[in-house]
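**Q** Let me begin by handing over the structure; questions about it come next.
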Amino acid sequence: GLIYLLVVYRHAGSRRIFSISPKGIKIVVTKEPICEADWSKFDSIEVEKLAGRSNSTDYRFYFTKHGVVYREIRIKGSIDFSGLNCRAIVSQMQHYAEKMNKQFIGGKRRRNK
272 GLIYLLVVYR HAGSRRIFSI SPKGIKIVVT KEPICEADWS KFDSIEVEKL
322 AGRSNSTDYR FYFTKHGVVY REIRIKGSID FSGLNCRAIV SQMQHYAEKM
372 NKQFIGGKRR RNK
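Residue numbers (my numbering): 272 to 384.
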């Protein structure tokens with residue numbers, strides 16, 4: 272069953288989903304392929320904060336195994352999820368990564384080029 276679920280409808284009803292289950296993490300946002308990362312296939316989560324549009328913060332998540340990227344996804348702050356929801360996603364991801372004995376590496380803010 273699910274451990275954590277966040278569903279947000281924005282802009283004409285398009286649905287965004289962030290979920291954590293015993294199997295893994297799933298992130299669904301528009302204009303990006305569905306990101307599913309099984310706990311058994313990665314050993315760390317790296318988060319990179321990027322300066323987004325209009326003072327928003329975008330996040331890029333890298334799911335890695337032995338330093339090799341297994342999955343990655345970018346979440347656009349204020350477009351895919353609100354700033355508050357983005358911070359909740361990072362917090363929940365960190366919390367459950369620790370519970371699942373995965374390394375969580377919080378990123379530094381970088382400017383988009």
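Where a beta carbon is used, it is the ideal one built from N, C-alpha and C, also for glycine. Computed from a prediction, not measured in an experiment: that's the story for all the values here.
Output the distance between the C-alpha atoms of K384 and L321, rounded to the nearest integer angstrom.
**A** In the sequence shown, residue 384 corresponds to position 113, counting from 1. In the sequence shown, residue 321 corresponds to position 50, counting from 1. Its pLDDT being 44, under 50, K384 is placed unreliably in this model, and the coordinates cannot settle the point.
**Q** To the nearest angstrom, report how far apart Y341 and G354 are at their CA atoms.
**A** On the sequence shown, residue 341 is found 70 positions in, with the first residue counted as 1. On the sequence shown, residue 354 is found 83 positions in, with the first residue counted as 1. Cα to Cα, Y341 sits roughly 26 Å from G354.
**Q** Determine, using beta-carbon pairs with one atom in the stretch 301-308 and one in the stretch 370-377, whether at least three such pairs fall under 8 Å.
**A** Because the criterion of three Cβ pairs below 8 Å is not met, the stretch 301-308 and the stretch 370-377 do not touch.
**Q** Nearest by alpha-carbon distance to E369: which of F352, R331, D351 and I316 is it?
**A** Counting from 1 along the sequence shown, the entry for residue 369 is found at position 98. Among F352, R331, D351 and I316, the Cα nearest to that of E369 belongs to I316.
**Q** Report buried or exposed for R215, applying the criterion of at least 16 other Cβ atoms within 10 angstroms of its Cβ.
**A** This structure cannot settle anything about residue 215, because the visible part of the chain is limited to 272 through 384.
**Q** Spatial neighbours of G295 within its chain, please: C-beta separation below 7 Å, excluding the five flanking residues on both sides.
**A** Start at 1 with the first residue of the sequence shown, and residue 295 comes out as number 24. Correct list, in chain order: E307, A308, D309 and W310.
**Q** So, using beta-carbon positions, are I360 and F352 closer together than 8 Å?
**A** Position 89 of the sequence shown, counted from the first residue, corresponds to residue 360. Position 81 of the sequence shown, counted from the first residue, corresponds to residue 352. For I360 and F352, yes; Cβs fall inside 8 Å.
**Q** Could you tell me the distance, in whole angstroms, from the CA atom of V318 to the CA atom of R331?
**A** Reading the sequence shown from its first residue, position 47 is the one you call residue 318. Reading the sequence shown from its first residue, position 60 is the one you call residue 331. The straight-line gap from Cα to Cα measures roughly 6 Å.
**Q** On the three-state DSSP scale, how would you describe V299?
**A** Along the sequence shown, one-based indexing puts residue 299 at 28. V299 falls in the strand class under three-state DSSP.
**Q** On a CA-only basis, which of G284, F313, K347 and P293 is nearest F334? Give me that one, please.
**A** On the sequence shown, position 63 is the one that residue 334 refers to. Measuring from the Cα of F334, the nearest candidate turns out to be F313.
**Q** So, with DSSP's three-state summary, where would you put G272?
**A** Walking along the sequence shown from the start, residue 272 turns up at place 1. Looking at G272 - three-state DSSP - the assignment turns out to be coil, as it is neither helix nor strand.
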